[in-house]
Structures are given as C-alpha cells and as structure tokens.
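Participant:
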Amino acid sequence: MMLASFGAATLASYLVVSGILLVIGVVGFLVRRNLIVMFLCTELMFQGAAIAFVAAGRYYLDYSGQVMVIFILTVAAAEAALALALVVFMHRQRDTLDPDAYGELAE
Amino acid sequence: MLDRLWFLIPEFILLAGAMVCAIGGISTFAPIRKRVGFIASIFLVIALFSVPYVYGQTDYTHPETMLPGLGKYIKMMAAFVGLLLVATSGGLIDRGYERAIGAGKDRFDPLRANSGEFHALLLLSLTGVMLICEARDLIWLFLALELVSLPTYVMVAISRWSKTAQEAAMKYFFLGALSAALMLYGFALLYVSTGTLVLQEITEAFSAQQNNGGLLVIAQVGMLLAIFGLLYKIAAAPMHLYAPDVYQGAASAVTAFLAFVPKTAGMIAIILLLSTVGWEDGLPPAIEMALWVVAVLTMILGNIGALLQRSVKRMLGYSSIAHSGYMLIGVIAGPELGLPAVLVYLFIYGITNTAAFATLASLSRGGKRVDSLEDIAGLYTTSPLAAASMSVASGSLLGIPPLFGFWGKLLLFAAGIAAGQISLIIVAAVSSAISAWYYLRLIGLSLLSNPHNHGERTKVTLRWPLAVAVVGACISIAGPLVLEGVMVDAKEAITLPESELAMSLPSLEVDDERE
Amino acid sequence: MTPWLLLLIPLIGAAAIFLTKAELSKWISLGVSLFVFVISILMSVQFEQWGSMGTGLRSETSWINSMGLTLDLGADSVAMMLVLLTTLLTPLCVWGSFNAITSRRKEYYAWLLILETAMLGVFLAQDLILFYVSFELTLVPMFFLIAIYGGKNRAHASVKFFIYTFAGSLFMLAGFVYVAWQNAQTGAGGWSFAIHDLAIYASTKLSATEQGWILLALLAGFAVKIPVFPVHTWLPLAHTEAPTAGSVILAGVLLKLGTFGVYRFVLPMVPEAVVAWAPSIAILGIIGILYAALICWVQDDVKKLVAYSSVSHLGFCVLGLVALNPIGLEGAVLYMINHGLSTGALFFLIGMMYERYHTRDMNMIGGLAKRMPVWSVFMVFFVLASVGLPGLNGFVSEFMCLLGTFVSSTDAQQWPGVLGPQYAAVAAIGMVLAAMYLLIMVGKVVFGTLKEPDTTDRGSLPVDLSLREIGVLAPLAALCIWIGVQPTVLTDAMRGSVEKVLSPYPKRVKEHVEQQHSESIMLKVPESETPDKEDHHA
Amino acid sequence: MISIMQSIIATPAGQIDQLVDIVAPTWAQFILWMPLISLVLCGLCAALKVKTKAPAIITVISLATSFVLTLMLYFGYEGAEVIHIFEWIHVHWNGGSFISDFALYIDKLTLLWMLFVTGLGTLIAVYASEYMEHDVGKGYARFFAGVSVFLFAMSCLVMGDNLLMLYLGWEGVGFASYWLIGYFYQRPAAVAAAKKAFIVNRIGDLGLALAIYLIWSTFGTIQYDGISTALAAHNNDAATFSAFGGWTVHAIPYLLMLAAFGKSAQLPLYVWLPDAMEGPTPVSALIHAATMVTAGVYLIARTYPLFQLDDYALPIVAWVGGLTALFAATIGMAQYDIKRIMAYSTVSQLGYMFLGLGVLSSYGAAYHVFTHAFFKAVLFLTCGAIMHGFAGQLDLRKLSGLRKMRGWKIVSYTMLVGCLCLAGFPFTSGYFSKDAILAEAFVTQGSGFEILGWLAIFTAGLTAYYTFRVWFRVCCGPEYYEPGDELHGDDPSSFHPHPPRVAINFVLIAIASGAIIAALPYFMDNETKGINGGWVAEMVHDSPARGGVPNAVVAVVDGEHATAHEGVANAVVDQDHATHGSILGMDPHKAMYYISGVVGMIGLGFAFFFHLARRKAADSLRNKLLASRFTRWLPIAMENKWYVDEFYIAVIRTPLWILGKLFALIDRGIIDGLLVNGIAGTPRAIAKWFSPLHNGAVQSYAVSMIGGAALVILLMMFMPEIMSFLQSTMIGATP
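Those protein sequence lines, which keep their order, are chains A, B, C and D.
Going by my numbering, the first sequence opens with residue 1, and the numbers climb by one from there.
Going by my numbering, the second sequence opens with residue 108, and the numbers climb by one from there.
Going by my numbering, the third sequence opens with residue 623, and the numbers climb by one from there.
Going by my numbering, the fourth sequence opens with residue 1161, and the numbers climb by one from there.
(1) Does the Cβ-Cβ distance between A1115 of chain C and G673 of chain C come in under 9 Å?
(2) Could you work out which residue in C:Q921, C:F793, C:G1070, C:T724 is closest to L1060 of chain C when comparing CA atoms only?
(3) With burial defined as no fewer than 16 other Cβ atoms inside 10 Å of the residue's Cβ, what is the status of I1501 of chain D: buried or exposed?
(4) Identify the contact partners of R982 of chain C in chain D, using a Cβ-Cβ distance below 9 Å as the criterion.
(5) Does any residue of chain D have a CB that is nearer than 9 Å to the CB of A106 of chain A?
(6) Considering Cα atoms alone, identify which of A:G48, A:E43, A:F71, A:C41 is closest to W247 of chain B.
(7) Applying the criterion that 16 or more other CB atoms from any shown protein chain within 10 Å of the CB defines a buried residue, is R140 of chain B buried or exposed?
(8) Enumerate in chain order the residues of its own chain whose CB-to-CB distance from I524 of chain B is below 7 Å, with the five nearest sequence positions on each side excluded.
(9) How about I334 of chain B and S300 of chain B: do their beta carbons lie closer than 9 Å?
(10) Going by the DSSP bridge assignment, what does R472 of chain B pair with across the sheet?
(11) Along the chain, where does the alpha helix (DSSP H) that runs through D1261 of chain D open and close?
(12) What is the C-beta distance between Y1640 of chain D and G1561 of chain D, in whole angstroms, given that I count them as a contact (C-beta under 8 Å)?
(13) Starting from the C-beta of T1171 of chain D, find all residues in its chain whose C-beta is less than 8 Å away, skip the five residues before and the five after it, and write them out in chain order.
(14) Just verifying my parser: in three-state terms, what is the DSSP assignment at T135 of chain B?
(15) Is it true that the CB of V161 of chain B sits closer than 9 Å to the CB of P117 of chain B?
(16) Between which two residues does the beta strand (DSSP E) carrying F1246 of chain D extend?
(17) In chain C, what lies closer than 7 Å to S539 of chain B by C-beta?
(18) Excluding the 5 residues flanking F1769 of chain D on each side, which residues of the same chain have their C-beta closer than 8 Å to its C-beta?
(19) Mind listing the chain B neighbours of G1833 of chain D? Cutoff is C-beta to C-beta under 9 Å, in chain order.
(20) Does any residue of chain D have a CB that is nearer than 9 Å to the CB of L879 of chain C?
(21) Kindly indicate which residue of D:S1198, D:F1262, D:L1582 has the alpha-carbon position closest to the one of V1507 of chain D.
(22) Would you mind sorting H561 of chain B into buried or exposed? The rule is 16 or more other CB atoms within 10 Å of its CB.
(23) What residues in its chain sit with their C-beta under 8 Å from that of Q807 of chain C, if we drop five residues either side in the sequence?
(24) Closest to L1415 of chain D by C-alpha separation, out of D:Y1373, D:A1455, D:Q1383, would be which residue?
(25) Using the beta-carbon of each residue, which ones in chain B are nearer than 7 Å to T42 of chain A?
(26) Starting from the N-terminal side, write out each stretch of the alpha helix (DSSP H) that is 4 residues or longer and does not extend beyond the segment 687–751 of chain C.
(27) For the segment 349–376 of chain B, enumerate the residues whose C-beta is nearer than 8 Å to any C-beta of chain D, in chain order.
(28) Whose C-beta lies closer than 6 Å to the C-beta of F783 of chain C among residues of the same chain, with five residues either side of it excluded?
(29) Quick check on the DSSP output: what are the complete alpha helix (DSSP H) runs of length 4 or more inside the segment 470–522 of chain B, in order along the chain?
(30) With DSSP run on the structure shown, which of helix, strand or coil describes N1730 of chain D?
(31) Where do the ends of the alpha helix (DSSP H) carrying R631 of chain B lie?
(32) For P1215 of chain D, decide whether its Cβ has a neighbour in chain C, counting only Cβ atoms nearer than 9 Å.
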C-alpha cells in the first residue's frame, strides 16, 4: 500500500485535532441552550470528520478522502438550510430558541 | 459506467417522479394538484415493475457492490411498501387548504401548497433507500443515507400544521444531525484505518488486518461509531429516544413512513458495513458484543416502554424500537440465515406496521386525528373494517401464528438459535411475551371494549389509508402463502459474491508470500 | 379422505357465517360442525391405524422448502381419538350456546369454528411449525370468546390467559427450533421440521444436557397449558370468566393440548431428560392434585371449583404421562378424553344453571333438585364420573394412571420407571379429596333446602332443562358410561402408538439407574475414575 | 316365602340339581342384570312421572328373579367357576397385562352372601313398597332405582371374579348408600349424612385401591384364581415375594383392612353408620344392617390367605373388631333413638364379625353375618314400622306398651324375636353364631386373644342389656305414645297411630322366621367330610376363607390354630398345630354355650329391672352418675357418642379446611398475586424507571444517546482489559 511521505505522528496530530473538534461539537450540542448554536456544533462535528478525511487522504495519497469532504460540505449546506427553516418555525412558535422550551412531546 | 447506470433505472424513475410531483403540486390546475399522490404512485408502480426487468437483463454486469443481489429485493420492497405509504398519505396534505379553495374561501398560492413537495420528498427518500443497495463506497453510502433522511425531516414538519409536528421535526432533525455526524466520524475513522472508501477494498484491508492479529483499534472504533450513528436510523437503543416523540408528533402517514423507510435504510447500511468485517469467523468480538448489548437493550426498552403509553402512535413507536431489536438478532446471526431473515422481516414489518398506522391515519374523532387509546376504544361499532385491520396488524406485529409477523419472528429465532445466540433468543421470547400485553390492548380496545360515552365517536374519514390498512391486513393473513417466494428472494439478495472473495483472498496470500 | 377437510370445512363455515345474516349463524355453525363430526367419524371408521403404531390420515404438502417446512398432516391413534373428542365437543358447544349468546352472534360462532380448525390442526400436524402455529392459533379464538362473551372480569382473564400461554409457548418454539437446527446441522437432509424425524434425531443424538434444556423449554409451553402447579393460576380465572362453551372447550380440549404435547413431543424427543426429570414433574403433579383439591373445598363459586378441580384432575394425567409404562400412559391418554367429557359436561351444567339464575355462588343457590330434577340427575351423574365412580369413565383412567405410577419403579421388569408406590399412594389421597369437594358442592347446590336468588330471569328458558339442553348432555353421558364399561376398546386402539412412544424408555431407565448406581459408588470411592458418561449417546 | 326358605335349607341339594343342570351357568349373569334392568325401568318411571306403585312392583319382581336365579345357582353348584361376561379393563402390552374383566366368580362363599343379599333384598323391597307409599309419584321411583343400584353393586361386589370388580361393587354400594341416605334430599341432616358416608367410605376405598395396586404388582394379577395360584406357587410363604423388595406382601392386608373397616364401620371409620340412619328405614335395614356393611367381612374372608401372610394382620383385625364391639355397645346403651341404638348395635355386631375373622373363625364370622342379616333386618324393619306408624317417633322414652295396642302385636313380637337373637338368648340363631366367635377367641392362641375373649363376653352382656332396653321400653309397660314431628299437617291432638298393613307385617313375619330358622344351619350335616360347624362352615369351606373353618381338611393356617377338635370324628390331626386354647380349663366350644347364655341372661335381667320393672330406677341411676363429679363424664360421654365426631372435625376436617383456605389465599396472594402478577408487573415497573429518560428535552436525549453510545463503545474497546481485571480479582479472591 502506498503511503504518504509525512509520518504517522503527523497523521495522529491531525486526527487529534479532528477528535477535539468532534468532542467540542458534542459538548457544545449538549450544553448550549440555543438551537442555532446546537446546529453549529453538529457542523463542527462534521468538520472534525472532514479533517480526518482530508488528513487520511493525504496520508494514503488517496483523493477519495478529499472528494468525500466536498460532499460533506454540500450535505452540511443542505442541512443548514433545513436547520434554519426549522429554527424559524420554532421561533415563530414560542419566541425562543431554548430547546428546553419545546417539550410538549414527552412522557 | 453504463452498467452502473443501468441498474439505477428505478432510482431515475423515482427521481423523475419526484420532479413531476414537485411541479405538479404547484400547478394551478386543481385536478392535477389533487392527484399528485396518484402521480407518485404511478411512478412507484413503474419503478416496481422496472426492477425485475432491470435485474433480469443479462447484457449488463452488476457492479461489484458488497451484496450484489440486495438491490433487486430492496428496491422492489421499497417500491411496494412505498406504494402503500403514498396511499396512506392520500388526502393528508393540504386537505383543509384544498377544501377552502374548492369552497372559494381561499385562493391558490403555490407557496402555501405542500402536497407536491411532500410527495416529491417521499419519492426522494425512497430513492435514497434504493441507492443504498448500490453503494460501492462510503461516499455513496453517506450521500444515500442523507438522501433518505433529509426529506423525512421536512416531511415530519409539513405533515400537519401543528406545533407538535414542528417540535417533532426539530427533535428529529437535531438528533439526526448529531447521529449523522457520529456516523460520518465513524466513516472517517474507517478511512483512516484502511486508506480507502471502497467497501470491497475495506474488506480486503480488514482481512489483512485480521491476518495480522486482529482489527486495528481505530477501525473497531470507527465501525462502532458508524454503527451507532446508523442505530439512530433504525431507532435502536441507545439512539432510540427520539422515536416515541417524533412518531407521536408526526401525522400517522408520515409516522408509518418513518417507521419503515429510514429503518430499512439503516438496516441495510449496517449490513453493508458489517459485511466488510464479515461473519465467516464471527464478527469481531467487540462489535458483536456491542450489537448484542444494543439488541438486548432495544428489545427490552422498546417493549417495556410501550406498556405505559396512552398514545397509540407512541406505543407503536416503542413497538417499532422493539422490532429493530429483533432484527438485530438476525444481523448478529450472519449471512446464512440471519440476514435473509432480516430482509424478510423488514418486508413483513413494513407491511404490517404500515397497516397499523394507516388505520390510525384513516380515522378521526370529532374532526381531530386520533391518537390516544381512548379514541380507538370500541372502534368496531363504527368501523368494523378499521378495527379488524388494526387487530390483524397488531396480531401480526405481535407474531401470532399464522399471521405474517410470526414467520418473520420464526426466521429470526431460527437464525439466532443457529448462531448459538440462545441468550438473545430468550430475551426476545421474554420481550415478545411482554409485548403481547400492549398489542392485545390495541386488539382489545378496537374489537372488544365499548366506546367511551363522552365525546364523539371515532369514524373513518379517509378512505385511502383504510384501503391500505385492509390490504396490509390481508397480506398479513395471506402472506404465509407467498412466504416461500419472499424467502428465496431474500436468500438470493444476501448471496455474497463468493467467487470474487475467493479470487481476492488467495491473491492476498500470494502477495504475502512474495513479501 | 384427506384430513384437510377437517381443517378447511370449519374455516369455510366461519367465512359463510360472516357473509350471511346473524340469525342464521348458529344454524350454519351447528351444521358445519356436525358435518365435520360426521366426516371425522367416517375417517375414524376408515382409519387403518387403530391399535398399531403408524400414522394414518396422511396428507403431504410441501410448503417452504428452504426451511423444510411442510403442511404434512396425519394422525396416530391417540391423535385420532382427540380429533373425535374435538369434533364431538364443538357441535355440542355450538348447540349449547343457542340461548346464551345474544349479541355479536356472528363472531361468536365464527370463532368457535376457527377454534375447531386450530384444535384439529394441533392434533393432525405432522410438522413442528404447523403444530406450533395451530397451538398458538387456538389462543386467538379463545381470547375473543373470553374477552367478548365472558363475565365481569373478562378483560383481565383473557389477557392473562393469552399472555401466560403465549409466553410459555415461545420457549417451546425456541426448543423446537433448536432441535431442528441441530438436525439441520448434523443431519444430511438439511432443515426439516418433520415431527417424526426430529423425534428420532433428538432422542438418539442429543446429549443429556441438551435434552434437559429442551425438556424445560417444551415444558414451559406445555406445563402452562396443562396446567401444572405452580403455573396454573390463569386457568381458574379464565374458566370463571369464559362463556360456557369457552369453558367447555377450554377444559375439554385446550388443556389436552398440553398433555398431548407432552405425549407427542416431550416423551419421544427427550427420553433421557424425561427419565431424569420425571420425579420432579410427578411431584409437581402430585402437589397440584392435593393443593388444588383443597382449594376446591373452600370455593364458593361453582365454576371456580370445577376449574380448580381440572388442575387437580390433570395432575393424575401428568402422573400417568411420566410413569413411563404403557398402563400409565394409556391411562393418561384416556384421562385426556374422560376429563374432556365429564368436566366439559360439568361446565355445560353450570352454564345452564347460570343462564337461569345468573349466579354461581353456592351461598345464593341450593337445593335445586327440587326445582330442576333433570338437571340435578345430570349434575350428580357427571360429578360421579368426575369423582371416579367405577363403571363410569373417570374411574378407569384415574385407576390406570395411578396403577401406572405405582408400578413405575426402577426394579420393575418390563417397563421400569422412576416413580413408585410412594407417588401413587400420596396422589391417591386426591381421590378422597375429590369426593369431598365435589360432593360438598353437590350437597349444597343440588340437595338441601331450596334456595334461589330473589330475582331470577330465566328468559325464554324452561324451569328445568329443555330438550336442547338434554340433547347436549345426553351424548356426553352416554360416552361416559360407554368408556366406563368398555375402556378396552380405546386402550386397545391406542396401544401401538403408546408403545411406540415408550419404546426407548426401558433401556434409558436402566441406564439411568446404572448411572446413579455408579455415581453412588463413586461417592463412596473417590479414587475410582469417572465412567464415560457419554458413551451411550453413540 | 317361609316355606321356600325352609326348603332351601332342608331339601337335599340333589333334588333340584337336575332342574338346574340343563342350563349353562352363563345365565347367572342375570343375577346382576335384573337389578340393572329394574334400575332402567325405574328411571323410565321417574322420567314419565308414573304415579303408581309400578316401580316397586318392577323392583320386587326383578329382585325376586335374582333371588331365584341365585337359588338355582346354589342348587346347581358343582365347584368354583368363573363366568365370563365381557372384557372391562383389559390392558395387555408387550410383556405384561392388567386384566380385570367383567366376570363372575362363583364359589360357596359367594353363594352364601348372594343368598341373603338377594333374599333379604326382595323382602325389604316388598316392605318398602308399603313403607314408602306416601312418596308415590315423587320419590318412589327414585327410591326403588336406588335399591336396584344397590343390589346391582352388591352383586358385583360379591360375585366379581377379581378385585377391581369388587372395587366396582364396593364404590357402587357406597354410591347407592349415598343415594338412599340422601333420599330426603331437602333435609340438611340427610344430605350431610349421605356426604359423610360417601367420603368416609372413600378413605376405605383408597385403601382398597392401593391394595389392588400392591396385589397386582406382587402377584401380577388381581383375579382370585390367579392370586391363589400365585400363592400356591409360592407355598404361602411371604418371604418369597420379592416385588418392591418384599414389603408389599406385608402391606396388602393392612390396606385391605382399611377398606373393610371403612365399609363395615369399624373403628376408626365407623362414624358414618349411625348418621346413615337419616335414610328411609328399609334402607337402613337392607344396606346399613344386613348386607352392605358386611362387605368388609366378605372382603377379608375373600382375601383371607393374604391376611395370613403377615403375622400381625389378623390379630389387629381381631382387636379392632373386639374394641369396636365394646365401644359401640357403650354408646348404644346410652342412646334414646331406637334406630340409632340399632345402628350402634350393628357397629358392635360387625365388631364381633371382625373379631371372628381375626381369631381365625371365618366360619363364625360368616355365620354371624348370616344370622345378623336376618335379626338386624327385622329389628330395623320393626323400628321402621314404628316410625311409620307414630309419625317419625323414635324416642324410646316417648313410646310404651306397644304390644298391647291394636295392630301392633306382630311388630312387637317380631321385634322380640330380633331382640332375642341379638341378645344371644340361648338357642336363638344369634346365640350360636356369637358363640362360635367367642369360643374361638379362647381357642386360638394369639396376642391377647384371651383378654379379647373376655371383653367380647362382657360386650355380649351389654348387648343383651341395650337390646332389651329397647324392647321393654317400647313394647312393654303401660300404653303411651307421643307422635313424632312428621305429622303431615295432622293435628297432634287428634293423632292416631296407624299400624302396619299386610306387606309390612308379612315381611316382618317372614324375616323374623328367617331369624329363628337361621339357627338351623348350625345343626345341619356337612356334606364335606372332615369339618364341623354346620352348613355355613361348609359354605365357607369351599372358599379362600376355609383357613378359618374349624377342623378344615386343608388348613391354610400359619400355625396358630389347631386343626383338631376333641370328640370330632374324621379329624385330620396335624401334630404341629395341636395347640388348642381353653377357657378356665374347659373346652371353649362347649363352655361358651353356658357362659354366653348366662351373660346374656344377666344383661336381660338388668334391662328388665331398669326398663320394665322399675323404669324410674334407670333415670335415678343416671342422675346419680351425673351428680357425682367423678362419674359425671361417663353418661355424658356415652350419650354424646364419646365425642368422636367432634374429635374428627377438630383434628382432621378443620385443619384440612383451614389448609384449604390457606392454599386458596396462597394461590391468590402469592402464586397468582406475587409471582405471576408480580412478574407480569415487573416490566411496567422497570418501564417507570426509564420513563424519565423520555422527558421531551432534545439535549437530554442527546446526553443519553451520546453517553450510551460512548459507554458501550468504551466498554467494548476495553473489554480485554476489563476481562483480565475481573479475572485477576477473581483469582485473587480464591486462595
């Protein structure tokens, strides 16, 4: 298998960064009290994955990783559109974007 | 390339259908607008009949996907159940709006009409399911999965103009995005660990890793993350929490859709992913254990959760969780018996579950859609047909022989036992027994108890969903007659490309020797 | 004649009921069930396997080849008898319900007919899955019969009945599938669910541990159905709440599905485990006999009393089943039939009383002999049959079960068993208790000073039994006497099948005894080497 | 009828032989079928609501036919034979069989019993046709159907060729007894008595059933023939029966004993018989005095060889019999209801019979059965006539001087005949039969048999006392009566006793004559050489019970009894068995004539003094006893039947009932409530724990999802480490 010139340590550092992004995204999603910020956190997670793809693609000298990133960005954009529409809906409903305000469906 | 496109003909048909629907839905010509559902069905029928033709052609060779036979089965199933689902949502969208226009109280405004986009999205989502089968690599898989889920978020939101629907859509979307991110990160780790996105090549990389002392940790974590992300789609524990809320919030027709389409997509995706590590020597222990835990939790939490519910849709939401748990038994059991059983089960479950939700969709009480158990009490007095189909569907979901649901469960049982998963089978048996309690409640309320005295009687107001319910009930009863055929198809769908594997494995060994 | 007739005609009848007017439904179902009865009589006349061990009435239909599922039907002599019992009781139940059912008549009679199909399916199935399907299918009509037409607490009773038996039988299914899978894995033929093949396979190839687990799994299904103490509590509830015909079918046939299952599956499939577990099963049976009998004594509700008496009576049947000798097993099979006749008739009688007085409380009614002499004669008659008065049917089977248990000792020459005199002696106390509670019941309800509820609404019923009601009871009474006097006809007819079922046992018991013997020696002399326990599986 | 009776006994058998010989003995089955036919016809009468005496006529005719057939069988008798009727329970399998056919075994023991069963049955049916006439149309058919059932069952019991057939009859007579005791089904006491009779008998039946199992597993057959063959093959040696380790042979007699004690109302199971007097009097006479209650004696006589296999079986029978005789006599002394007195006297006399069996005088027992059947029947029937005439009055304090009243003479004097026999007045039938037993108690050497003998003699004195207490009170003295409570709406002041008419009187005379004539067989010559003891002994001789016949040629005795008697010709003296007991140094057989005669006279004398000459003395004696603190218990206990019923209720019935209640509670509370519903409720309970998880908040869902996923993934990734950690701790824990 063909491997890139930069060493494994470097790949690991990219992965660490991507992992950190993921974790930040998760934590942000869990603790922030605003729907928009929460959505942005998921975007952050997506980007964490994207970094991993790019780094690994470079590592393996395989372009498919970068292709993947393009698609990730596209999908993220689509999701963003959807998210904003929903957020508008929600805001119209309760005048707030605090996710805890929307607990009508529960046990 | 042409080969590849040839096998995508059903998807193209649906795509075309989606466009026609989207355009037709904003036509100012009311008859077309009102018949968007009919148009969508036509395209679904065409797609359904195109599948055997497409796969029957010998001029084209099927691309090297993990499970080349999968497409035929899944596409037919998706098209068939999709047909039922379209009929279920018949008359749902824009009903009040169209009536107001018809009465001259309102004026047509393309921005306010949703019917067209609803059906377009529905077809798109089904297209996504079909595309998953053809996935050769993770990019395709990811895109197809997103194609399945993104429309569903919108469908939930526009299914009815109510706060709960929007809330459901919000929950569904946000948690969906979260889980999609997890899955994507899992894909990324898989890529990191193998250096390729093509599933076949991942398989080879994994078998090389296996030969060198086991899968890399990063590969295992990636696989688990991807699977957990997908568990959201199939509503399995611990990613199941959204399901009751969303199922309750969305309109019944959409709930039926949610309970089948994303579930199928997720299940196939999980199967595809797992087929890269293979069941030949058993799944890697970490993955198998994780799936075991998930299956057990899903069966138990799903079934006991349903016990407390007062809302039928919520109850069926939990039941849908439990069914994912049953299907995971088949996933753990592997390709010989387990995966065909999962495919058969998906089909059976899709029909019976649709029948159950379709019954609900057809009913209304005092102008409102029914939801609580109270609403369906004494249903037999006003609509014996609805009560009967509700009962048959519940019985089938419970797995009372000889209804269709039983056979699915039997196949899963057999697969589980053959895989030595006795403990899983015991859990499944116990939780099935628990599930009897709430399914019997559905049966009992609709067929046996007296209607509540206060308020209006529940009545059938929509005919199409009722027709779907009856058709579903009939299939549940008569299904065993065609079971053999379904089983054979499912078996064919899961046939691994042994020749290719056999060819690729020795070459690896040869490589090793050379080095 | 193909056995499919038996299964399909009631179904067609049920469909016909749905398509016609409600007034006609009872006549249609009576006609259909009588027709089925006549057919079954004709079949039993042509049945060539009376007395021999083979399976007659065969019909082979392949179905799902990839799983080896078939729709094979057939009946050995024991199954044929139970088929006759079923086809006899169904028209009687239909006829007996003419007055009792006033609302939702179509469904009622349709469910009865579907129930008949399901019950016959259980007895006729030659394929495990077909058996299971029929076994479970009986739950559904019964569930509806209880839940729609039952008493006050019917919802609880029906759900409990359903879930209890459903849960048990799921384990049974797991056991079946396990056997089939083992067979598919090691046998040459791939998947097969043929009862005959699997019994041979399981009894010869599976290890003792596996057999033990399978036994437990199967018993989980059958013990609930029989019902054996301590999984019996659904029965009194279901009986009390069920409509008359439901109780009759429940006592008459449905409980027999459990004992038939033991006869059909447990005994032939897992002999080694049966030998090891028989004492425990027998002890449960005995506890059931005495425990339920004492509970009967303190009941105020007549129907509950008879329901508990079923638990007690079937304890004898269980004893006969695990006695592992022909006399015990023949007694047990005979018991299935006899209990169906006499207890079924008792439920009819209680139903007839209930239709007139709308109560079953022994404190509210008494001395009915004054008011309803004919009813009283039948009541006393069937109570005596149930008590086991010689000359009537109950005696013969009870006697044979106990005798079988009694001689089922390890040192018996021809048919060694693992029970013995002590089991029979304790169980026989049940005879005294049965006399006690049933006669106390008769003493209160039939005899004594006349006591009736203040308001009695007989509807269109006469004070004493109508000709229709006599017509329902008379065939049962005649059969009670006939079996009491000529049990040999039945025992001769079932002999071949019974001996076939028991054929592996003498050897197994001897091995079991030797093994225990060697284990006890081992305990004394710890130095000696463990003998190869597995060698007899080869 | 009397002439027929006489001719049976007097005519040499050979004369009628030729008449009977022509017919094959298969017609003997009609002895059984006739009552059954009568049952069916009576049932028809009931169904058709016949308002005449037709049921009685049918029954009498069919029973008489049975009797005639029995006579024909007797005269045609040439040796024991089996008459096969049809297969009943006939189970045979590879390597074994259980055969219990519907077949008759005719030997002389059978005939002895059948003669008085069918004979008395016929007569009592005639009696009942008048006695029950007030019920014509209502219960008449039911009554005679019951009598027919009884006769059928009794015939099965006596004539059956195997133990299961005996069991059929055994339970059958129990059922008939239930039917007839409960005849007045609206009277709670009658219903309770019927129930009690059946249930107490069931305890005995349990013993019989277990005995049958044991016999079958020991001997491989339950046919009498087969058993005796097996016994002969084993030389009557208990040690050679090895089934189940050999204990079965010793257990059989005790189980049979239980059965016999139940049916024949011996300690401790006698309690049902006095209560059974709730039935119509003909029933008491037929079933509860003459025939059914002697079934226990028949059973032991029939299985006598089995009893001799165990050393203690017969002595226990003797002791139970002797003690029952005494015990019941003490109760009988203190009762006021004449029918109950007769009931206790029946229990007491049955005790004598068992004593006789126990002391190896099966001949004496059989003879006493025979005589007792007649004299007790007549006593009961006279009681019934009195009850019938005085509107149910049975209290001996409220009746007096009956023999002086118009129309009551026959009743009084037939009663006197019965009393004399029962009291053992010299040269009556009861005198001879009782002596045969009493003497044998001294002759046979056994555990405390001598004490038992003296007890029995004392009891004989008590018997004479209470018997004549009744007669002197009721039939002698000044004329006085009070009507009973069954006035049928008549005014008590205008009450007139209605004396019995033809049918009753005829039957009374017939049976009383029978009671007198029953002494004759004692003097009849024996056809069989080598035995003495008259006709009855000869009847017993040709049966398994011959072991207990005095001077039997083939003595199947285990060494206790002497086969030789002094002064008897043709005795085959077996020197080994020549130990012969004595009473006060005299030959018991001779001395007993005097001793029992004297004792009987003393009892009679006491009765005369207290109940005829100075009736107030009896009351003052009772008062004196009651006044003293130390003796007060005696009359109270005796009048209250020693509180045995109360004891049983307290010790057996109540605890069992409480247990039943307890079990019902356990069933509802613990098994159904705690276990079943508890288990069924567990999922809901767990679901409630998990319910807060679904609180509707997106972020809390996300926490659970992510947390759950992370937990599972981490667990899986560190699984090897966790496992090894667990393993190390486990290993560390174990030394």
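A virtual CB, placed ideally from N, CA and C, is assigned to each residue, including glycine.
Being a predicted model, the structure only gives us computed values, none of them experimental.
Facilitator: Looking at the coordinates:
(1) Going by C-beta atoms, A1115 of chain C is nearer than 9 Å to G673 of chain C.
(2) Across the set C:Q921, C:F793, C:G1070, C:T724, the C-alpha of C:Q921 shows the shortest separation from the C-alpha of L1060 of chain C.
(3) Around the beta-carbon of I1501 of chain D, 16 or more other beta-carbon atoms lie within 10 Å, marking it buried.
(4) Ordered by position in chain D, no residue passes the 9 Å Cβ test against R982 of chain C, which lies about 16 Å from the chain.
(5) Yes - at least one Cβ of chain D is within 9 Å of the one on A106 of chain A.
(6) Ranking A:G48, A:E43, A:F71, A:C41 by Cα distance to W247 of chain B puts A:F71 first.
(7) Counting other Cβ atoms within 10 Å of its Cβ, R140 of chain B reaches 16 or more and is therefore classed as buried.
(8) Excluding positions up to five away in sequence, the list reads I532.
(9) S300 of chain B sits away from I334 of chain B, with the two beta carbons spaced by 9 Å or more.
(10) R472 of chain B pairs with B:K475, B:T565.
(11) If you look at D1261 of chain D, you'll find it isn't in any alpha helix (DSSP H); it sits in the beta strand (DSSP E) that goes 1256–1266.
(12) With a Cβ gap of about 6 Å, Y1640 of chain D and G1561 of chain D count as contacting.
(13) Because T1171 of chain D carries a pLDDT of 43, less than 50, the predicted location of this residue cannot be relied on, and no value is offered for it.
(14) Residue state, collapsed to three classes: coil.
(15) Cβ distance < 9 Å, so P117 of chain B and V161 of chain B count as in contact.
(16) Element bounds for F1246 of chain D: 1241–1253.
(17) Those within 7 Å of S539 of chain B in chain C are L792.
(18) If we look at F1769 of chain D and ignore the five residues flanking it on each side, its Cβ neighbours are A1777.
(19) Chain B residues near G1833 of chain D: none, gap ~17 Å exceeds 9 Å.
(20) Closer than 9 Å: no.
(21) It is D:L1582 whose Cα lies nearest to the Cα of V1507 of chain D.
(22) By the neighbour-count definition (other C-beta atoms within 10 Å, threshold 16), H561 of chain B is an exposed residue.
(23) Counting only Cβ-Cβ distances below 8 Å, and skipping sequence neighbours, we find nothing.
(24) Across the set D:Y1373, D:A1455, D:Q1383, the C-alpha of D:Y1373 shows the shortest separation from the C-alpha of L1415 of chain D.
(25) From the beta-carbon of T42 of chain A, the residues of chain B found nearer than 7 Å are A284, L285, A288.
(26) Fully enclosed alpha helix (DSSP H) runs of 4 or longer: 699–718, 727–746.
(27) Answer in chain order: Y349, P351, D352.
(28) Contacts found: W856, A860.
(29) Correct list: 480–483, 486–489, 491–505.
(30) Below a pLDDT of 50, predicted positions are generally treated as unreliable, and N1730 of chain D, at 33, falls in that range; no measurement from the model is reported.
(31) Look at the range of chain B in this structure, 108 to 622, and you will see that residue 631 of chain B is not part of it.
(32) With 9 Å as the cut-off, P1215 of chain D does not count as an interface residue toward chain C.
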